[in-house]
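Notes to accompany the following structure.
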Amino acid sequence: MAAIVGSLGTAYVCCCSSSASYSFRSSSLFLTKLTHFYRPSSSSSSSASFRGSFAFVPFRSRRGKFMAHSLAQANLGLTNPTPNEAPQVSFGAKDIDVLEWKGDLLAVGVTEKDVAKDENSKFKNPILNKLDSRLGGLLSEASAEEDFTGKAGQSTVLRFSGIGTKRVSLIGLGKSASNVAAFRSLGETVAVAAKASQASDVAISLASPDEHSSVSKPNIASAIASGTILGIFEDNRYKSESKKSVLKSVEIIGLGSGPEVDKKLKYGQDVSSGIVLGRELVNSPANVLTPGALAAEATKIASAYSDVLSATILNEEQCKELNMGSYLGVAAASANPPHFIHLCYKPPTGPVSTKLGLVGKGLTFDSGGYNIKTGPGCSIEIMKTDMGGSAAVLGAAKAIGQIKPLGVEVHFVIAACENMISGTGMRPGDIITASNGKTIEVNNTDAEGRLTLADALVYTCKQGVDKVIDLATLTGACIVALGPSIAGIFTPSDDLAKEVLAASEASGEKLWRMPLEDSYWESMKSSVADMLNTGGRPGGAITAALFLKQFVDEKVQWMHIDVAGPVFSDKKRTATGFGVATLVEWVLKNAS
1 MAAIVGSLGT AYVCCCSSSA SYSFRSSSLF LTKLTHFYRP SSSSSSSASF
51 RGSFAFVPFR SRRGKFMAHS LAQANLGLTN PTPNEAPQVS FGAKDIDVLE
101 WKGDLLAVGV TEKDVAKDEN SKFKNPILNK LDSRLGGLLS EASAEEDFTG
151 KAGQSTVLRF SGIGTKRVSL IGLGKSASNV AAFRSLGETV AVAAKASQAS
201 DVAISLASPD EHSSVSKPNI ASAIASGTIL GIFEDNRYKS ESKKSVLKSV
251 EIIGLGSGPE VDKKLKYGQD VSSGIVLGRE LVNSPANVLT PGALAAEATK
301 IASAYSDVLS ATILNEEQCK ELNMGSYLGV AAASANPPHF IHLCYKPPTG
351 PVSTKLGLVG KGLTFDSGGY NIKTGPGCSI EIMKTDMGGS AAVLGAAKAI
401 GQIKPLGVEV HFVIAACENM ISGTGMRPGD IITASNGKTI EVNNTDAEGR
451 LTLADALVYT CKQGVDKVID LATLTGACIV ALGPSIAGIF TPSDDLAKEV
501 LAASEASGEK LWRMPLEDSY WESMKSSVAD MLNTGGRPGG AITAALFLKQ
551 FVDEKVQWMH IDVAGPVFSD KKRTATGFGV ATLVEWVLKN AS
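Taking full-length UniProt numbering, the leading residue of the sequence shown gets 1, the next gets one more, and so forth.
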């Protein structure tokens, strides 16, 4: 994984003498490490793709000066991130007595009911009672002294001798543990405890595993494994010093064993690797993760899973040929050129019955343009996160490349660019034309994400998809409505809403369906163009969704997910990887 997601500071790009668009389906892809950006010269052939001929010619800007590629811009501030080394952790499942296990740390997930005691201050729960008896009552004594009641978020780690494990940890699951989020949190807490105690070998068990059905146990094991990986993860690429985890193996006890559980454990690891990628992308600063660097990351994913993924990157000239005036209007002010990203997943065998589109907003930095973000609460300092939608899409692409579902084709599309300020930039009052011919009066340059998504949605629908979902950090209005932890979904399709909500329940990510009130479109009407790009303050998240609807083919089922709140944790000051797990679940629900 580290080889794929950990080297944003020195990304790899390909150029060709025949075209600036490129496509790969071969594992023998040649990647050339560049410190400056090279584009084909104007005398190059206009062929639409290439399969192996490389030539490097310096690119000149409109003013005739050499323009550094986005990866050269990564040297701004002399910042060269150190790639994260992915911990090599093995996961297994066993049906053994917890007292038989030998290792560094035995972690037991307990509910408030599990820690109830009898009149002799002994645990009523059989597993806890057995542990406590072997330890001479020290476990119940310690839990009483620390007032451990099994509440969610509580944990205690005790060091003992006399049993196979060096340490025993009790981790609270709350009144009951019945959802993915609770078990993923258990895994994350165990990972933190393991790192603090420098544990190499860990076992995780539930105090009451028999309360869960045989059908749900493999999913619980998968959630615990996923949480453990995410708990281990620390984004230390930009720190001069970091403490590495020594965790090597995790065994999950009491939730079954065999091929079905092993398959679910692998699934949890695959999804988590996509979430980690999403986190790293969102955490990367704009002087490192430019549109070109984002495109390079996409091509690396395609080359890593070239048996099922292909990549096509369109440059500015080719976007002009496709009449993407809405997208290019946003990109016009930046010294870093736009990169239009298209990954395509095709199953390794068998026919395709469903074609899906996943579109992510890819603003690697959003200054607001001439409507610049100013004043308290404008959050300009975290506008590197404005590509959170694209991070979820690429994270999902990485996971899907590993899982390789059958019967489904998936198009991952990102219109990557920056929203900056310059004499060449889009101005308030300008009228731009999208690739479906609709005209837009720009009354606010800080409502730029929807302009890039407009052309991305038109492009995706032309790929022949049956269903399309776009994800975007689109509006502050959605955060006001739903808070920082819940994403809003907007769709005219009840069937698609049911599919995605079911996927989110399986993934543990929180979504809430919002209304698409057609009467609100009145505020988006322009006297000189087909539409404005913003309406009034009331219902801002709804009018943004209504805007996007104008660029979706009527025959395609469409959903917009506003992830402005949950992609970044203000409390932890770090990315969450939100959206990846739900997208993967949704793709699998559409697979054969």
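In this text, a Cβ means the ideal position worked out from N, Cα and C, and glycines have one as well.
Counting along the chain, where does the beta strand (DSSP E) carrying residue i start and finish?
i           : result
I253        : 249-253
K94         : 90-94
W521        : Here W521 belongs to no beta strand (DSSP E), and DSSP marks it neither H nor E.
S169        : 165-172
residue 623 : Outside the displayed span of the chain (1 to 592) sits residue 623, for which this structure offers no information.
Q463        : Q463 -> no beta strand (DSSP E), and no H or E assigned at all.
R159        : 155-159
R513        : 511-513
T439        : 439-441
residue 593 : It is not possible to answer for residue 593, since the shown part of the chain is limited to 1 through 592.
K562        : According to the sequence provided, residue 562 is Asp. The question's Lys does not apply to it. D562 -> beta strand (DSSP E) spans 557-562.
residue 596 : The structure shown does not extend to residue 596, since the chain is modelled only from 1 to 592, so the question has no answer here.
Does DSSP put residue i in a helix, a strand or coil?
i    : result
F551 : coil
Y345 : strand
V359 : strand
I542 : helix
N419 : strand
K264 : helix
G488 : strand
L453 : helix
M387 : helix
T82  : coil
T149 : coil
D210 : helix
V468 : strand
S379 : coil
Among the residues of its own chain, which have a CB less than 6 Å from the CB of residue i, if the five just before and after it don't count?
i    : result
L158 : A142, V168
S435 : L322, N323, M324, D455, V458
T156 : E146, F148, L170
R63  : Reliability of the predicted coordinates at R63 is poor, the pLDDT of 35 falling under 50, and the value obtained from them is presented with this limitation in mind. So the list is empty, once near-sequence residues are dropped.
N281 : It is worth fixing the name first, because residue 281 is Leu in this sequence and not Asn. The answer, listed in chain order, is A391.
E251 : G92, K94, A203
Let me confirm a value: residue i is counted as buried when at least 16 other C-beta atoms fall within 10 Å, else exposed. Which label applies?
i    : result
E381 : exposed
Y459 : buried
L78  : exposed
N120 : exposed
Q198 : exposed
A203 : buried
T534 : buried
A144 : exposed
I want to see whether chain C comes within less than 8 Å of residue i, judged by CB atoms only; does it?
i    : result
G268 : Looking at the structure shown, chain C is missing, and only one protein chain is on hand.
How far does the alpha helix (DSSP H) with residue i in it extend, from its first residue to its last?
i    : result
N219 : 217-232
R184 : 180-196
L294 : 291-304
S504 : 494-507
T475 : Segment: none, T475 is in no alpha helix (DSSP H) and carries neither H nor E.
D132 : 126-134
V587 : 580-589
Y327 : 325-331
Residues in the same chain with beta-carbon distance under 7 Å from residue i, minus the five sequence neighbours each way, listed in chain order, please.
i    : result
G565 : C478, I479, L482, G483, P484, S485, I486, A487
D270 : A399, Q402, I403
L588 : P405
S390 : L294, G360, K361, G362, I414, A416
A545 : F490, L516, H560
K320 : L328
Q550 : K438, M531
H212 : I220
V410 : Y345, L356, L358, I400, V587
How many whole angstroms separate the CB atoms of residue i and residue j, which I take to be in contact at a CB cut-off of 8 Å?
i           : j    : result
T364        : L289 : 5 Å
A295        : A416 : 6 Å
V108        : G172 : Incorrect: roughly 10 Å between the Cβ atoms, too far for contact.
G360        : L471 : 5 Å
residue 594 : P338 : Nothing about residue 594 can be reported from this structure: the residues present for the chain run from 1 to 592 only.
K124        : A116 : 5 Å
W558        : E499 : With 8 Å as the limit, W558 and E499 do not qualify as a contact, their Cβ atoms being about 12 Å apart.
S353        : S592 : 6 Å
I232        : S245 : 5 Å
N129        : R237 : That belief does not hold up - the Cβ atoms of N129 and R237 are roughly 46 Å apart, past 8 Å.
L309        : L343 : 6 Å
Near residue i, what residues of its chain come up, given a Cβ to Cβ distance below 8 Å and the 5 sequence neighbours on each side ignored?
i    : result
S504 : K510, L511, T582, E585
K373 : D366, S367, S379, I380, M383, D446
A196 : V157
G508 : N179, V180, A181, R184, A223, A581
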